[in-house]
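Contents: one structure, followed by commentary.
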Amino acid sequence: MVETILQYLINNLSYLGVFISSIITSASVIVPLPGQLILVLAVVLNLNPFITAVVTAAGSMIGEMVGYGVGLAGGKLTKGKFKKHKKLTATIKKYYNKYAFWVIFATAFLFFPFDLVGIISGLSRYDVRKFLLAGFLGKFLKTLVTFVLIQNGIQFFGFT
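Residue numbers (the numbering used here): 7 to 166.
Laid out in structure tokens, this is it:
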């Protein structure tokens, strides 16, 4: 079902379809949707790898704001639960915020359940602009590398 919708969007709307599909697949918190299908379809349609990586990363980070929002809301709901552990939560938040940019970048680049990073970033109230930038850069590089690998794999195995 979802695959059919993604295929329809990309086939008919090209880069805009890639952008919308990236938002859809990234907005699903915890439930995995076939994000890599977007790249396979983009390769088959001979879309530009750089433009595809930009629109995929941008759409994906818009979708990831759902996880960040869940973290923000969860932080408000659980605020009173950690009163006994103020020092511990302050320490965790301090260290997460210190290294968060690189954690976000690395997990966005790797095939990692990024929803968790969005939720943790929201919980710790990490700067949303830094969250978006680090995630965008990691997802851009991952998308570009994956696109080229898919493209070369299709050519190598003679599927074109």
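All C-beta atoms, glycine included, are put in the ideal place defined by N, C-alpha and C. Quick caveat, the model's predicted, so the values are computed rather than measured.
Assigned secondary structure, residue i (DSSP; H/G/I helix, E/B strand, else coil)
i	result
ASN54	coil
ARG135	helix
SER34	coil
PHE115	helix
SER28	helix
SER66	helix
MET169	The displayed coordinates of the chain run from 7 to 166. Any statement about residue 169 would go beyond what the structure contains.
LEU163	Residue identity check: residue 163 is Phe in the sequence provided, not Leu. Three-state DSSP puts PHE163 in coil, outside helix and strand.
SER130	coil
LEU39	coil
Buried versus exposed, by CB contacts within 10 Å (16 or more), residue i
i	result
ILE11	exposed
VAL24	buried
THR97	exposed
PHE153	buried
PHE56	exposed
PHE120	buried
LEU15	buried
LYS148	buried
GLY164	exposed
GLY159	exposed
Neighbourhood of residue i by C-beta, 6 angstroms cutoff - its chain only, sequence neighbours within 5 removed
i	result
GLY124	GLU70, GLY73 and TYR74
LEU39	VAL8 and THR31
ASN54	none
ILE68	ILE29
TYR102	SER130
Sequence-distant residues of the same chain with beta carbon closer than 7 angstroms to residue i, five excluded per side
i	result
VAL46	ILE156
SER66	SER28, SER32 and LYS145
LYS99	SER130
Spatial neighbours of residue i in its chain, beta-carbon cut-off 8 angstroms, leaving aside the 5 residues before and after
i	result
PHE111	ALA140, GLY141, LEU143 and GLY144
GLN44	Checking the displayed sequence, the identity of residue 44 turns out to be Ile instead of Gln. Correct list, in chain order: LEU12, ILE16, VAL24, SER27, SER28, THR31 and THR62.
TYR21	LEU53, ILE57, THR58 and VAL61
Point to revise | the stretch 62-76 contacting the stretch 88-107, beta-carbon criterion three pairs below 8 angstroms | key: no
Check your understanding: For the 8 angstroms Cβ check, are there 3 or more pairs between the stretch 128-139 and the stretch 44-53?
Key -> no
Check your understanding: Any contact of the stretch 110-119 with the stretch 140-149, i.e. 3+ C-beta pairs under 8 angstroms?
Key -> yes
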